[in-house]
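Numbering-wise (our numbering), the sequence shown opens with residue 68 and increments by one.
Backbone N, C-alpha and C define an ideal beta-carbon position, used for all residues, glycine too.
Small disclaimer: the values here were computed from a predicted structure and weren't measured.
See below for the structure under consideration.
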Amino acid sequence: MSAAFDVYSWQEPGAYYCMTLDVDAIGNDKGNVVLLPDPELQHILPAELTMVLSSTMAYPKGDAQHLFCREASELRERLGRSGTIVFMAGCDRLTYRKVSTLVDDAVREMA
Numbered sequence: 068m069s070a071a072f073d074v075y076s077w078q079e080p081g082a083y084y085c086m087t088l089d090v091d092a093i094g095n096d097k098g099n100v101v102l103l104p105d106p107e108l109q110h111i112l113p114a115e116l117t118m119v120l121s122s123t124m125a126y127p128k129g130d131a132q133h134l135f136c137r138e139a140s141e142l143r144e145r146l147g148r149s150g151t152i153v154f155m156a157g158c159d160r161l162t163y164r165k166v167s168t169l170v171d172d173a174v175r176e177m178a
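Here's what the structure looks like:
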């Protein structure tokens with residue numbers, strides 16, 4: 068888990084609404100109601116997120132990976148008309164140190 072994460076949601080291609088949720092700030096808030104920031108409209112996804120979706124990762128190795136898209140230019144079409152991405156860039160609260168163990172545990176938990 069990371070201290071903050073970004074949520075990107077869209078209901079038409081190229082119109083991404085982004086909201087950053089700060090887990091620490093929400094946890095420190097003593098109120099009964101969690102106030103969320105207004106989402107911001109973006110017409111492209113950030114480069115870091117685009118790279119994650121169009122590049123090979125450290126695990127699994129070689130041909131075992133199936134890329135979501137080969138090039139960033141394909142991304143808008145591959146994402147489809149609607150969807151949501153939760154992007155945790157700075158994961159600093161991980162139980163496992165090896166990528167393979169982390170992936171195996173995430174797959175087991177989310178399956």
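So, residue i versus residue j, is the Cβ gap smaller than 8 Å?
i	j	result
residue 81	residue 175	no
residue 154	residue 73	yes
residue 85	residue 107	yes
residue 101	residue 93	yes
Would you mind working out which of the options sits nearest residue i, comparing C-alpha positions?
i	options	result
residue 158	90, 76, 78, 98	90
residue 111	173, 146, 132, 102	146
residue 127	166, 113, 177	166
residue 169	109, 83, 125	125
residue 83	152, 164, 171	152
State the CB to CB distance for the pair residue i and residue j, rounded to an integer number of angstroms; the pair is presumed to be in contact (CB under 8 Å).
i	j	result
residue 139	residue 123	So it is not a contact: roughly 14 Å between Cβ atoms.
residue 204	residue 134	A query on residue 204 cannot be resolved here, the shown segment of the chain reaching from 68 to 178 and no further.
Just verifying my parser: in three-state terms, what is the DSSP assignment at residue i?
i	result
residue 153	strand
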